[in-house]
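To convert, note that position 587 of the sequence shown is 587 in UniProt numbering; the numbers rise steadily by one, no gaps.
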Amino acid sequence: MNEKFQSEIRITVENVLNGKQPADSSQTDMSEKLNDIQTLLTNLDKKVKDHDQELGHLNPNKPPGSSDYITDLRGDILQEVERRMQQSCSACLSGVEGFRNQQNEERDRVRGLEKLINSVDLRNREAVQNIQSRVVELTTRLPKDCCQEVADLRRRVAEAEDRADTLSGSVVALTVRLDKERVEGSNNDINHMGTNLNNRLSDIEGRMNTTRRTLEEHYYHYRDEIKNHFQDEIDKLKDDLKNRIQGNDYKINILLTELGNSSGFRDLIEHKMVDFSLDMDSLKDRVGKNEDRIKKVMEDVQSLSGQVTSSVHHCRDQCSKQSSDVTQAVSDLESLVKQNTNQIQIFHSDITELRESGSKVQGTLSDLDEELSNVKVFVDASGESYTKLFNDLKDAQDRFTATILDDLDRFDLNIAHYQNDTNGKMLDMENDIATLKKMIQFDYRSCGQVCSNLQEEVGKLKEQVEKCTATCQAIHTKAEEGLSGSNKPLDGFTVFGGSSSGELKHLQGELSNIIVTFSSLNDSVKDLQESVEKHETDIHDLGTTKHKLISEINKLQEEVTDHIKDNTEKFHLFQKEINSFGSMVMEESRECRRSSGGLEDRVSKLENICLKLDTVSGSLHKIKENLNKHVSGLWNCVQEVNSTLRTHTAWFDKLHNNQLNNINGRLNTLNSSMLVLSTEFRNFTLQDFMGPIGLPPDVPHISFSAALTYPLTEPGTIGFDRPLVNDGNAYDASSGIFTAPVAGRYYFSAILTGYQDEKIEAVLSKSNTGIARVDSAGYQPEGLEKKPLVENKTPPGALAVFNIILQLNAGDTICIDLVTGRLAYSDEPLTIFNGILLYEGEADLE
């Protein structure tokens, strides 16, 4: 039995260890403790064997007091062992239950985080799709405007060419008529012509001054108005962006902690940004090509102006042959016209620069739009409220861009209007010059006086033109200075223009910081997941070791109880032997009293027995000490297990307090922000914005019509074998049964044609239940069915008709069963069964 007990203890120890190492102690410490336990058990086993041998050698006469002392000692030891084992088991079970509860809570929280991450991933994908659609809209919008501008420029160049041709023709005609009418004029006509010429020149001068003033006033007014409007809108947009970004910064930080491993999302965003940069490069190439085309058009315009100047010089050379005074006046007029044309070109260049600045401002607004879309991608991760905020921003942005585009359109219309006015005035001036030349042809005699007056007027005009050129140059320099500040490139962007580069850089820095926080939070979440997985494995190992220890302790307890039972039996036998030995000693003492001869021998024997009993008591004390040491060793093991459990609980408490409490706090802040956004959305919905009309519903089309093409003479289900219409494929031509695919109200009709003078009777069944019955002979009371009247009977009809509307559920069947009679057939259908779905809907149960 002792060998069996020792082998079982060895097997349990090997099963408990099973090649594994405890969580809080090294392999050597555990092996030393197990060796100590094993040595204690072997010593205990040896002492029990020695005790058994000594009991076997003892005499049956023993004192009665020793057995009571041993039984009491044994009971105390067993009670103490049971009490300590119960305490250790209860502590282990409570610790394991606590660990299981914590593990379940952690699993629930991890599942919630997984759901949140999946929802955020879906929202990010939707935001990326919105960005792609927005980029497609921008790419489809820009080239059309450029092409329209090129077409407009071509049209204007053609008009300028036509005007140059007319001007050159008028100059040629003027020179011809001057050659013819040089000799035929008179002095009076020349004086009268001089006065008319002075009046017309003053009129032209006044018109030029008014046009110059109006152009300058409108130019300054619209320039200041556009600049102020753009600056105000950009400031409003920057303030709105700052407020929203500052208000949502901590919300974004909270959401970034919950995103987890977002490397795939960041790669997707980077890929989309690369595609977007490629699209922007292609757009820039197109813009560069359009600029090259515009340059070519401007070169053509310059060449055309060169041709006009050459033609003017040619005309001046022809006129110089006739008269120096007239040529001087004409040259002065030509210089005046040239200066006015230069001023008009300067104004046109300023207008084109304003358009370019407007396009550049529009480009900056598009860049701001892209940055807003990128910010909205990150803001959309906070939930459905951020999508609503994205819609609000999009509406505001659409309104802003609409106002800007409307202002630009109005500005273009005003520019075109003023350009048309200037063109009209130029035409008027050309007409006036033509009339002037015509008047000069009538009388050439007073040319000297007229030329002197013309020189004075031309001098005045030169002074005014110089003033106009100075003002135009100042306007041009101011416009260049205004445009130079908006053409600085931003870091990381290739679009030029705008006045919000600092804000864009600030936004770019914030976005880079957000990306860095993404990566750091991903690393921390990964470390947290690894630590949680390690703790789960440790808990699992501890649970398995704990269950094994409990099972082994139960086995040890059973073995100890068996050993105690065996010892109790031996102690009972020993007590019996001691009692018999005591009786024998009493008898011997009586005999010794009777006989004094053998007293000394008996006393010596008794002394020897007492010595043996002293050795037995010493051995029992040693057994008790060894049992106490063994129990104390087991208790130390239990305390070490408890200490490991305490350390693990401390670790989990630290993890819970440091990480999960922070997550709870962030979730609370997120909930508060969601409440704020819900109130904002509620206020926004009170504005009653009505969207466009939705698409029509998907209505199923279900109808059929079938005919009978074979004779039917026996009762049964009528199989209409020739389907004329079968929309939805709900009618089975082989069986003649219609199966309702959806629930709703159906209309059915049937025409049954039989043979002449033969009665037809049929039933319309719904799911094998009769709904309607038809009899071609008409209604007959029940009493007269078997007892007909003796009178002349009219022949029964041979035609039966069904018309009915039924409520059917999905899966219900409709068919027509022939009860009596025969049905006729023909190439042209005589018997037809029809059905159609009127509308969907469940049956009203009220």
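Yeah, the Cβ is synthetic: ideal placement off N, Cα and C, and Gly gets one too.
Where residue i falls: helix, strand or coil (DSSP)
i, result
"V742", "coil"
"E761", "strand"
"residue 847", "This structure gives no information on residue 847, because the portion of the chain shown stretches from 1 to 846."
"F681", "helix"
"L613", "helix"
"G618", "helix"
"G95", "helix"
"T820", "strand"
"D732", "strand"
"N726", "strand"
"G754", "strand"
"L686", "coil"
"Q780", "coil"
"E828", "coil"
"T127", "One point to set straight first is that residue 127 is Ala, not Thr, in the sequence displayed. DSSP places A127 in helix when its eight states are reduced to three."
"A798", "coil"
"E530", "helix"
Residue i - containing beta strand (DSSP E), residue span
i, result
"G835", "832 to 840"
"G770", "770 to 775"
"I718", "Taken as a continuous stretch (DSSP letters only), I718 belongs to no beta strand (DSSP E), as it is neither H nor E."
"S703", "703 to 707"
"V699", "Looking at the DSSP string, V699 is not in any beta strand (DSSP E), and its letter there is neither H nor E."
One or two residues paired with residue i in a DSSP bridge
i, result
"S749", "N803, N834"
"I814", "F738, K766"
"L712", "L823"
"L808", "G744"
Point to revise | Three CB pairs or more closer than 8 Å across the segment 811 to 823 and the segment 738 to 754 | key: yes
Check your understanding: Would you call the segment 717 to 732 and the segment 695 to 705 in contact, with 3 or more CB pairs under 8 Å?
Key -> Put simply, the segment 717 to 732 touches the segment 695 to 705. At least three CB pairs are less than 8 Å apart.
Check your understanding: Counting Cβ pairs, one atom from each stretch, are 3 or more of them under 8 Å apart for the segment 761 to 780 and the segment 833 to 840?
Key -> no
Check your understanding: Between the segment 824 to 833 and the segment 751 to 761, are three or more C-beta pairs nearer than 8 Å?
Key -> yes
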